[in-house]
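K.L.:
Residues in the sequence shown are numbered consecutively from 1, following full-length UniProt numbering.
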Amino acid sequence: MKCFRCDQTGETLLRCSRCRVATYCSRKCQVEHWKKQHKAECGKQQLSLKYPGVFERDTSTFYDRITPDVCAKLMENGYAIIDNFLSEGWANALLAEVQFLQHANLLEKNKTQFPKANGTVAQFEKPNIYEADLHNATVRQQVPELDALFHQDDLCYALATHTKLDLIPGTQGKTLKVQYNAGFGGCFPCHYDNPGRPNKRKLTCLLYLNPSWAPGDGGEIQFYPFLAREPITLAPLMNRLVIFSSDSLLHRVLPAAQPRHCLTIWLDGASVNLPEHTQLSLTACDLNEGWEAFTKRLAKSPVQRLLSRGVYAEEYLKSLIECMGKAKEGFDDMVQSHNAHLERLHKNQLLFALVERLRAYR
């Protein structure tokens with residue numbers, strides 16, 4: 001972004017609270033520009049939201065699209081796909097609102113909280129990734145379709161009906177984020193959407209809004225079902241809904257060569273990160289005649305999070321390099337933390353032996 005007064009660029013600028021378009025590097029520049037020019041232009045600067053066609057908002061269709069078969073696949077495989085989830089006009093209207101937020105400079109840089117090796121928590125920005133959280137009333141007020149989607153509970157109820165998961169309705173049990181990937185290699189490293197306590201996320205729902213996506217554009221989501229021999233790569237096709245387990249499906253987003261738009265809805269659950277989800281319990285049977293049953297159980301359990309960085313060490317590092325290698329800050333800290341985790345793992349002989357056996361098994 002650029003200062004409207006002095007043309008200085010930066011990623012954390014002040015913004016005119018009236019039009020939400022003009023940005024400034026300092027309060028001084030903002031005041032000077034207001035007096036000299038912007039006061040007369042401010043009302044004219046406001047962007048108008050225009051929809052590309054006629055559409056109908058109908059969340060009752062969620063119950064038709066989210067079928068028992070879809071939910072059975074979700075519970076068995078950890079993910080499910082529904083193509084053409086919304087009507088074409090409705091999907092285009094949501095895309096128009098995302099693009100409106102983008103052009104109105106209402107999207108912020110994606111920031112990841114990352115635990116550093118010294119025990120503190122830092123915030124690092126992912127290059128080329130921008131987002132807006134619909135918990136932000138300033139954003140919601142300008143995008144009525146996204147606002148309505150944020151406040152509806154039909155998605156939650158439709159999924160809860162067939163999965164029997166104790167999902168939490170209401171805005172306090174959900175997060176909706178708009179995301180714009182500018183391309184230029186923008187991506188996400190390997191992670192779980194729910195890394196552990198106190199996070200309550202149970203299901204992640206991605207709605208892709210990319211009408212012209214083509215092979216080679218990048219930005220695909222890549223799943224690593226625990227101990228599966230190959231990852232699963234899904235294209236970010238227009239109006240495709242991808243639902244997956246927030247706490248038991250390792251995933252990443254591949255580098256994007258072209259811009260990509262999507263919505264992410266996280267649904268919280270009442271029974272998330274229980275002791276059996278965060279503590280590894282092993283028996284002699286698990287390591288011997290019960291090994292096959294143990295690995296199948298582990299593949300569906302959130303407890304896999306304790307082991308995945310060791311089992312998928314190379315994938316974690318490769319994705320981290322691709323995501324943060326050119327970032328202004330954070331890359332060295334994140335690599336150091338990754339290596340420190342592996343070093344601690346090596347020092348625990350029993351846990352390291354289990355990880356090595358799992359690596360050989362996959």
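The beta carbon of each residue, even a glycine, is placed where N, CA and C say it ideally should be.
Go through its chain and collect everything with a Cβ distance to residue 53's Cβ below 7 Å, but skip five positions before and after it.
P.N.:
The answer, listed in chain order, is 89 and 92.
K.L.:
Take the Cβ of residue 275 as the centre, count every other Cβ of all protein chains shown within 10 Å, and call the residue buried at 16 or more, exposed below.
P.N.:
So residue 275 counts as exposed.
K.L.:
Who pairs with residue 261 in a beta bridge, going by DSSP?
P.N.:
For residue 261, which the question treats as bridged, DSSP gives the partners 180.
K.L.:
Nearest-angstrom Cα distance between residue 248 and residue 124?
P.N.:
Those two C-alpha atoms are separated by around 24 Å.
K.L.:
Hey, how far is the Cα of residue 22 from the Cα of residue 31?
P.N.:
In a straight line, the C-alpha of residue 22 is about 12 Å away from that of residue 31.
K.L.:
Give me the residue from 16, 337, 317 and 265 with the minimum Cα distance to residue 173.
P.N.:
When only C-alpha atoms are compared, the closest one is 265.
K.L.:
Does DSSP classify residue 213 as helix, strand or coil?
P.N.:
Coil, per DSSP.
K.L.:
Are the beta-carbon atoms of residue 269 and residue 153 separated by less than 7 Å?
P.N.:
No. Outside cutoff.
K.L.:
Could you give the distance in angstroms between the alpha-carbon of residue 218 and the alpha-carbon of residue 283?
P.N.:
When rounded, the distance between both Cα atoms is 43 Å.
K.L.:
Could you check where the alpha helix (DSSP H) with residue 339 kicks off and where it finishes?
P.N.:
First-last of the alpha helix (DSSP H) with residue 339: 331-347.
K.L.:
Per the DSSP calculation, residue 244 is bridged to which residue(s)?
P.N.:
For residue 244, which the question treats as bridged, DSSP gives the partners 79 and 204.
K.L.:
Just how far apart, CA to CA, sit residue 192 and residue 309?
P.N.:
Going by the C-alpha atoms only, they are around 11 Å apart.
K.L.:
Name, in chain order, the residues that DSSP records as bridge partners for residue 23.
P.N.:
DSSP lists 15 as partners of residue 23.
K.L.:
Could you give the uninterrupted runs of the alpha helix (DSSP H) lying entirely in the stretch 30-98, keeping only those of 4 residues or more?
P.N.:
Whole alpha helix (DSSP H) segments, 4+ residues: 39-45, 62-65 and 68-77.
K.L.:
Report the option in 4, 77 and 186 whose CA atom is closest to the CA atom of residue 299.
P.N.:
If we check each option's Cα against that of residue 299, 77 comes out closest.
K.L.:
Identify the residues that DSSP records as bridge partners of residue 251: which are they?
P.N.:
DSSP lists 191 and 223 as partners of residue 251.
K.L.:
So, under 8 Å CB-CB, residue 236 and residue 213 are touching, yes? Tell me the CB distance rounded to an integer number of Å.
P.N.:
6 Å between Cβ atoms; contact.
K.L.:
Assuming residue 104 and residue 47 make a contact with CB atoms under 8 Å, what is their CB distance in whole Å?
P.N.:
Indeed, because the Cβ distance is near 5 Å, the residues count as touching under 8 Å.
K.L.:
If you compare alpha carbons, which of 205, 39 and 196 is closest to residue 241?
P.N.:
With distances taken between Cα atoms, residue 241 lies closest to 205.
K.L.:
Are residue 82 and residue 65 closer than 7 Å when you measure CB to CB?
P.N.:
Yes, the Cβ-Cβ distance between residue 82 and residue 65 is below 7 Å.
K.L.:
To the nearest angstrom, report how far apart residue 254 and residue 344 are at their CA atoms.
P.N.:
Those two C-alpha atoms are separated by around 28 Å.
K.L.:
When the Cα atoms are used, what is the spatial distance from residue 159 to residue 36?
P.N.:
When rounded, the distance between both Cα atoms is 55 Å.
K.L.:
Would DSSP call residue 302 helix, strand or coil?
P.N.:
In the structure shown, residue 302 sits in a helix (DSSP, three-state: H, G or I).
K.L.:
Taking the DSSP output, what are the residues bridged to residue 131?
P.N.:
108 and 179, per the DSSP bridge assignment.
K.L.:
Helix, strand or coil for residue 4 per DSSP?
P.N.:
In the structure shown, residue 4 sits in coil (DSSP, three-state: anything other than H, G, I, E or B).
K.L.:
In the DSSP output, which residue or residues are listed as bridge partners for residue 315?
P.N.:
Its beta-bridge partners do not exist; DSSP assigns none.
K.L.:
Contact defined as beta carbons within less than 8 Å: I believe residue 185 pairs with residue 128. What is the distance between those atoms, to the nearest angstrom?
P.N.:
Between residue 128 and residue 185 the Cβ distance is about 7 Å, and since that is below 8 Å, they are a contact.
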